[in-house]
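**Student:** Each residue of the sequence shown is one higher than the last, beginning at 1 in UniProt numbering.
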Amino acid sequence: MVSNGRANGHVSQASLKVNFSSRNGNTPTYPSNCLEFLNDPLSGEKTIPAKVRLNIIVVGAGLGGLATAIALAISGHTVTVYEQAQKLGEVGAGIQIPSNSTRLLSRLGLDPYLKEYVIEPESISFRRWQSGNVIGLTQLIPNFREQFGAPYYVIHRANFHSALHKRALDLGVTVKVASRVVGYNIEEPSIVLENDETVSSDLVVAADGVKSVARGTLDQSGKSAFEKTGFAAYRATVDVERIKGDPELSWLLERPALNIWIGDQRHVMTYTIGAGKSFNMVLSHPDDSDPATWDQQNTLSDMRREFQGWDSRLERIIGLIEKTIKWPLISGVPLSRWVNGKVLILGDAAHAMLPYMSQGAAMAVEDGAALARSLSKMETVADISKALSIFEKVRIERAGMMQEASLLNGKLWHFADGPLQEARDAAMKPETLGLPFSHSPNQWSDPATQMWCYGYDAEQEIDRAWTKSEL
């Protein structure tokens, strides 16, 4: 099954591709904007069209695969996405889109596709597990827009996926579902489908998730691609109407905000999604058992037992949950390379991480934008190895650091009551009082972490790496 062409009421950019004699495709070599009408009107000013146009296969139509396809299509490449699912869609609930991701999504023309779905929270409040008292505070509005030039959003994962899919179709990306990839030819390059069909291209990008087949072409050690973290998470949503009806809980809906209760080996993250109609909850807890042994039928009672004795208001919200799914929390084993010949991996296939920095999907968006940017620097087809090498070096370093930051939050949030917890809370107190501070255990507020995490521009870093390589 194939989908392409029109979607969301926009004209497909594929229909506007014309073969001009200009050396730079739709960009004249002399000063002129006469061909500007052929460029995508939604893409940002910093988008650089590729001088060398490639035929590219993307494996996987998840968030990372679609974001990558969009970035590549905007640059002028011909993109076909192969997805094993019978139809597109995302499971799960809420997801955060931090500033380092929204900056890129805006340049990729996603703003009009996302605007009806996103919520921009005012703040993130860290709360003591037993009382719910605020012990840490990050002001998102207006701070993040002013400091980083991009907002911080939350959204339902399914809505995010739908927006990316529509944008990809409007750019002329072809999406083939029911197309499971079972093998790769590194040098040709090509993919092998489950029906034994072989499809060739100039480049293969595998965004095939945590169970990546392509990862095996890079790491043939036989070792597990992921490390168990000893934690799992319950994910659930509650209808906000049920919360509104409880006078002890309605304060949670007075303004859009994220709240995180943190305690010994556990935490609970909450925020509204779905245009304010659903209350999203993620409840992290210790569990190193085999997921194959889990009884999803008893998850509600197990979940409530995990958080007995916590803030009574939080227990009341947990009591409103009617259905939950339990997920194992894993962290990817870092790889020394993501590229093999003309096949590369990105997203969770390359760097699965704990959700404690809310950066998993954001890293995949950065990967896609960085790849498109690096390929746009090519002068000839012979430059593809250099373009992939620069992409690989920049992204391995960035994603590896984000994995580390996510693991560190798992330590900082989960102190048992005692000297470490007291020192952490004392270090966060100035931010709750609006006082100046130079550092914080709250990585959303810590000035150095903030700039590194949210001020990061994936395309700009590729530009710097290319400039450095030419010195």
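Note that the Cβ used here is the ideal one computed from N, Cα and C, for glycine as well. If you're wondering where the values come from, they're calculated on a predicted model, not measured in any experiment.
Expressed to the nearest angstrom, what Euclidean distance is found between the alpha-carbon atoms of residue 329 and residue 349?
**Tutor:** Going from the Cα of residue 329 to the Cα of residue 349 covers about 15 Å.
**Student:** Rounded to whole angstroms, what's the CA-CA distance from residue 298 to residue 232? Just pull it up for me.
**Tutor:** Rounded to whole angstroms, residue 298 to residue 232 spans 15 Å at the Cα level.
**Student:** For residue 264 and residue 417, I'd like the C-alpha separation in whole angstroms.
**Tutor:** Taking the straight line from one Cα to the other gives about 7 Å.
**Student:** Leaving aside the five residues before and after residue 215 along the sequence, list all residues of the same chain whose C-beta is less than 6 Å from its C-beta, in chain order.
**Tutor:** Hits under 6 Å: 225, 345, 349.
**Student:** What would DSSP say about residue 354, mapped onto helix, strand or coil?
**Tutor:** Correct three-state label for residue 354: coil.
**Student:** Quickly, what does DSSP pair residue 472 with across the bridge? List them, please.
**Tutor:** What the structure shows of the chain is the stretch from 1 to 471, and residue 472 is not part of that stretch, so it cannot be assessed.
**Student:** List, from N- to C-terminal side, the alpha helix (DSSP H) runs of 4 residues or more that fit wholly inside the region 228 to 286.
**Tutor:** Qualifying alpha helix (DSSP H) stretches, in chain order: 240 to 244.
**Student:** With C-beta atoms as the reference, is residue 262 less than 8 Å away from residue 413?
**Tutor:** Cβ atoms of residue 262 and residue 413: closer than 8 Å.
**Student:** Does the separation of the CB atoms of residue 206 and residue 200 fall below 8 Å?
**Tutor:** Contact: no.
**Student:** Is the region 96 to 112 touching the region 233 to 245 in the sense that three or more CB pairs, one from each, lie closer than 8 Å?
**Tutor:** These segments do not touch.
**Student:** Under the assumption that residue 72 contacts residue 56 (Cβ atoms under 8 Å), give the Cβ distance between them as a whole number of angstroms.
**Tutor:** About 6 Å; that satisfies the 8 Å criterion.
**Student:** What is the C-beta distance between residue 168 and residue 69, in whole angstroms, given that I count them as a contact (C-beta under 8 Å)?
**Tutor:** The pair is a contact, with the Cβ atoms about 5 Å apart (cut-off 8 Å).
**Student:** Could you check whether residue 157 and residue 151 sit closer than 8 Å to each other, using their CB atoms as the reference points?
**Tutor:** No, they are not a contact pair.
**Student:** Just confirm the distance between the C-beta atoms of residue 303 and residue 283, as a whole number of angstroms; I'd bet it's less than 8 Å.
**Tutor:** That pair is a contact at about 6 Å.
**Student:** Sort out for me which residues DSSP pairs residue 156 with in a bridge.
**Tutor:** Paired residues: 94.
**Student:** Over what stretch of residues does the beta strand (DSSP E) that includes residue 201 continue unbroken?
**Tutor:** Run containing residue 201: none; DSSP gives neither H nor E here.
**Student:** Please name the residue in 321, 191, 176 whose C-alpha comes closest to that of residue 182.
**Tutor:** Nearest option by C-alpha distance: 191.
**Student:** DSSP state of residue 21, grouped into three classes?
**Tutor:** Legend: pLDDT at residue 21 = 44, less than 50; position of this residue unreliable, value from coordinates given subsequently. Residue 21: coil per DSSP, three-state reduction.
**Student:** Would you tell me roughly how many angstroms separate the C-alpha atoms of residue 120 and residue 61, rounded to the nearest one?
**Tutor:** If you take the alpha carbons of residue 120 and residue 61, they lie about 26 Å apart.
**Student:** Where do the N-terminal and C-terminal ends of the alpha helix (DSSP H) with residue 418 fall, by residue?
**Tutor:** Taken as a continuous stretch (DSSP letters only), residue 418 belongs to no alpha helix (DSSP H), as it is neither H nor E.
**Student:** Given that a residue counts as buried once 16 or more other Cβ atoms are within 10 Å of its Cβ, and exposed if not, what is residue 316?
**Tutor:** By the neighbour-count rule (16 or more Cβ atoms within 10 Å), residue 316 is not buried but exposed.
**Student:** Ordered along the chain, which non-local residues of its own chain (more than five positions away) have a Cβ less than 7 Å from that of residue 249?
**Tutor:** Hits under 7 Å: 243, 313, 316, 317.
**Student:** Pairs of beta-carbons, one from the region 421 to 434 and one from the region 135 to 142, closer than 8 Å: are there three or more?
**Tutor:** Flag = yes, the region 421 to 434 and the region 135 to 142 touch.
**Student:** Between residue 319 and the rest of its own chain, which residues show a CB-CB distance below 8 Å, the 5 nearest in sequence each way excluded?
**Tutor:** Excluding sequence neighbours, residue 319 sits near 304.
**Student:** Of the choices 360, 80, 343, whose alpha-carbon is the least far from that of residue 179?
**Tutor:** Out of 360, 80, 343, 80 has the C-alpha closest to the C-alpha of residue 179.
**Student:** Helix, strand or coil: how does DSSP classify residue 390 here?
**Tutor:** It is helical.
**Student:** So, is residue 381 buried or exposed, given that buried needs 16 or more other C-beta atoms within 10 angstroms?
**Tutor:** So residue 381 counts as exposed.
**Student:** Could you give the distance in angstroms between the alpha-carbon of residue 311 and the alpha-carbon of residue 253?
**Tutor:** Each residue's Cα considered, the two are about 17 Å apart.
**Student:** Output yes or no for whether 8 Å exceeds the beta carbon distance between residue 442 and residue 126.
**Tutor:** Yes, the pair counts as a contact, with Cβ atoms nearer than the cut-off.
**Student:** Between residue 393 and residue 465, is the Cβ-Cβ spacing less than 8 Å?
**Tutor:** Yes.
**Student:** Rounded to the nearest angstrom, what separates residue 379 and residue 386 at their Cα positions?
**Tutor:** Approximately 11 Å, taken between the alpha carbons.
**Student:** Grouping DSSP H, G and I as helix and E and B as strand, with all else coil, what is residue 81?
**Tutor:** In the structure shown, residue 81 sits in a strand (DSSP, three-state: E or B).
**Student:** Confirm, please, whether the CB-CB distance from residue 177 to residue 88 is below 8 Å.
**Tutor:** Yes, these two residues count as a Cβ contact at 8 Å.
**Student:** Quick check: what's the CA-CA separation for residue 161 versus residue 52?
**Tutor:** Each residue's Cα considered, the two are about 29 Å apart.
**Student:** Mapping the DSSP letters down to three states, classify residue 453 as helix, strand or coil.
**Tutor:** Helix.
**Student:** Can you check whether the CB of residue 347 is closer than 8 Å to the CB of residue 364?
**Tutor:** Contact: yes.
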